[in-house]
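Undergrad: Residue numbers (this note's numbering), protein chains in the order written: chain Z, 1 to 268; chain D, 269 to 536.
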DNA sequence: GTTGGACTCTCCCACCGTGGGAGAGTCCAC
DNA sequence: GTGGACTCTCCCACGGTGGGAGAGTCCAAC
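1. At what residue ranges does the stretch 60 to 96 of chain Z contain a whole run of the alpha helix (DSSP H), taking only runs of 4 or more?
2. The alpha helix (DSSP H) with residue 410/D in it runs from where to where?
3. Can you look up residue 429/D in the DSSP assignment and give me helix, strand or coil?
4. Run through the DSSP bridge pairs and tell me what residue 204/Z is partnered with.
5. According to DSSP, is residue 531/D part of a helix, a strand, or is it coil?
6. With a threshold of 8 angstroms between beta-carbons, can residue 55/Z be considered close to chain D, or not?
7. Applying a beta-carbon distance threshold of less than 7 angstroms, which residues of chain Z neighbour residue 363/D?
8. DSSP on residue 372/D, reduced to helix/strand/coil?
9. Buried or exposed for residue 179/Z, please, with buried defined as at least 16 other CB atoms from any protein chain shown within 10 angstroms of its CB.
10. Could you give the distance in angstroms between the alpha-carbon of residue 220/Z and the alpha-carbon of residue 205/Z?
11. Have a look at 35/Z, 101/Z, 26/Z and flag the residue whose alpha-carbon is nearest the alpha-carbon of residue 70/Z.
12. Does the CB of residue 218/Z have a neighbour CB from chain D at under 8 angstroms?
13. Could you check whether the Cβ of residue 197/Z sits closer than 8 angstroms to any Cβ belonging to chain D?
14. Taking residue 223/Z as part of the alpha helix (DSSP H), name the residues at either end of that continuous run.
15. Tell me whether the beta-carbon of residue 529/D lies closer than 8 angstroms to the beta-carbon of residue 503/D.
16. Going along the stretch 221 to 232 of chain Z in order, which residues come within less than 9 angstroms of chain D, judged by CB to CB distance?
17. Rounded to a whole number of angstroms, what is the C-alpha to C-alpha distance between residue 123/Z and residue 232/Z?
18. What does a CB cutoff of less than 8 angstroms around residue 310/D pick up in its chain, not counting 5 residues either side in sequence?
19. Quick check: what's the CA-CA separation for residue 412/D versus residue 460/D?
20. Going by Cα to Cα distance, which pick from 333/D, 299/D, 335/D, 438/D is closest to residue 319/D?
21. Residues in the same chain with beta-carbon distance under 6 angstroms from residue 44/Z, minus the five sequence neighbours each way, listed in chain order, please.
22. Closest to residue 524/D by CA distance: which of 508/D, 481/D, 494/D is it?
23. Note down, in chain order, each residue of its chain lying with its Cβ closer than 8 angstroms to the Cβ of residue 269/D, except the 5 sequence neighbours on either side.
24. Report the option in 495/D, 507/D, 323/D, 522/D whose CA atom is closest to the CA atom of residue 386/D.
25. Does any residue of chain Z have a CB that is nearer than 8 angstroms to the CB of residue 318/D?
26. Alpha carbons only, please: which of 397/D, 279/D, 379/D is nearest the one belonging to residue 428/D?
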């Protein structure tokens with residue numbers, strides 16, 4: 001008795017979808033009714049279509065875009081699994097982003113925005129031995145780690161004396177292609193292969209201390225840049241981070257990072 | 269020197285916002301420029317406005333709606349913290365929903381949709397002693413637990429003999445106000461205060477077995493309803509779940525739940 | 001002065017998925 | 001054949017952002 005045709009309203013109730021949704025899925029070719037009456041335009045569905053409709057509802061529940069669902073429904077099981085895995089990864093990434101957001105929001109809600117004390121001061125000249133990398137804003141964490149694990153062996157092999165803390169240098173703007181540098185202060189090492197040098201000029205800077213996970217650094221930068229702009233100063237690249245207490249020495253919550261941004265009087 | 273005025277482009281670069289965004293925030297009154305040239309319409313910002321702009325950027329980064337950001341900026345610190353806490357809760361809830369989605373997607377990607385074997389069969393008549401509750405789809409889990417912890421003491425006190433498994437009954441449609449029932453099969457107990465009785469008629473049913481967390485039940489229902497509709501049958505309320513292995517006996521991954529939906533030949 | 005290039009303005013349209021509502025037409029049971 | 005429930009199409013709304021058209025403005029270099 002499968003030939004029985006269902007009007008859109010009935011079919012919608014069966015599948016827990018709205019009539020609007022079904023019409024939309026028809027329009028976009030995702031789930032066309034088996035029959036559309038030529039004169040009245042009425043859509044008619046068969047009960048067998050409930051399988052696809054339910055699957056659509058299920059995948060929508062998981063927030064897959066309709067376009068992706070369309071692909072998945074049309075694909076062979078293997079490439080369908082491929083698509084679903086890709087969506088799973090997308091979702092997993094969103095969750096981890098949201099986790100970071102949640103922790104920041106937590107901190108904001110508890111401590112309020114004024115949680116950071118920004119100090120204007122002067123930095124001495126420093127000469128850093130660095131290694132460099134290019135990355136997107138999202139990759140910063142891993143790239144810095146990678147840089148550290150490239151840097152330390154080179155320093156060791158060349159028997160270069162250096163002192164903590166580790167430093168990292170960043171451009172002022174978070175672009176899709178940012179060049180970063182990770183290094184340590186040292187007077188030695190000229191000409192060591194794999195090593196480059198960065199002369200950080202001394203001068204006026206704004207700084208603050210961030211205590212907590214690196215994912216919450218944006219809070220500190222918010223305070224820092226606010227303070228700089230409010231004073232009518234201009235930030236100067238590169239932004240410098242000094243890792244006073246790093247992940248090897250303490251848990252996430254106790255990491256200490258000193259953030260330094262060189263500034264220049266804007267008009268003077 | 270704070271009186272220096274910035275054009276929208278400069279200001280946008282300062283705050284890592286796009287010109288479009290700034291114009292939008294102006295239109296909606298969230299961040300109006302200090303000065304708008306009457307004849308040219310040019311917007312001019314002061315460096316002090318960077319604080320608000322950066323805060324907006326920060327909160328947007330955490331996905332707060334602009335309307336909420338506007339509230340938060342305008343509010344006193346205490347009610348601001350209130351707002352942020354509310355947003356935090358919203359985000360936390362989204363994360364947990366996404367977690368459930370992720371697990372389902374995982375299962376879908378690995379096992380594929382055909383992971384469920386649906387059996388058509390017959391159920392005998394059953395008489396359940398139940399307690400009832402009203403809830404939204406999201407609350408089902410906790411409400412069922414609560415029902416169980418209401419049910420068992422009543423049964424114990426009234427010295428009613430009953431047998432496992434625990435059953436739950438649900439309406440066919442997941443509405444905002446769903447009435448659910450949780451109970452056990454027993455021939456006794458008439459008139460016990462706090463206890464109601466539900467006579468489940470025997471007859472044709474469709475069933476499947478779900479193994480895994482309750483958050484993944486939608487997958488099983490998808491298969492179950494698909495099978496029912498494909499055969500041209502009509503599901504009959506109430507949907508029955510039998511908790512063969514519950515959370516007290518096994519970890520999440522090993523929970524066993526039997527899903528039963530009574531059916532009726534659609535035309536016969 | 002004038003010119004050119006970088007900037008800005010406003011206005012409209014697009015995305016995504018869904019819902020609301022208008023106004024007209026259709027189905028079916030009584 | 002009539003009423004009520006259903007369906008149709010078409011447009012607009014939400015959120016926040018971006019793209020692009022076409023016109024106007026600013027400022028520095030010549």
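Glycine residues also receive a C-beta, built at the ideal position from the N, C-alpha and C atoms.
TA: Walking through what the data contain:
1. 66 to 74
2. 408 to 425
3. coil
4. 122/Z
5. strand
6. yes
7. 95, 98, 99, 102
8. helix
9. exposed
10. 15 angstroms
11. 26/Z
12. yes
13. no
14. 217 to 230
15. yes
16. 221, 222, 223, 225, 226, 227, 228, 229, 230, 231, 232
17. 19 angstroms
18. 275, 276, 304
19. 20 angstroms
20. 299/D
21. 5, 33, 35
22. 481/D
23. Residue placement at residue 269/D cannot be trusted, given a pLDDT of 42 that sits under 50; what the coordinates show is reported in the next sentence. Result list for residue 269/D: empty, nothing under 8 angstroms.
24. 495/D
25. yes
26. 397/D
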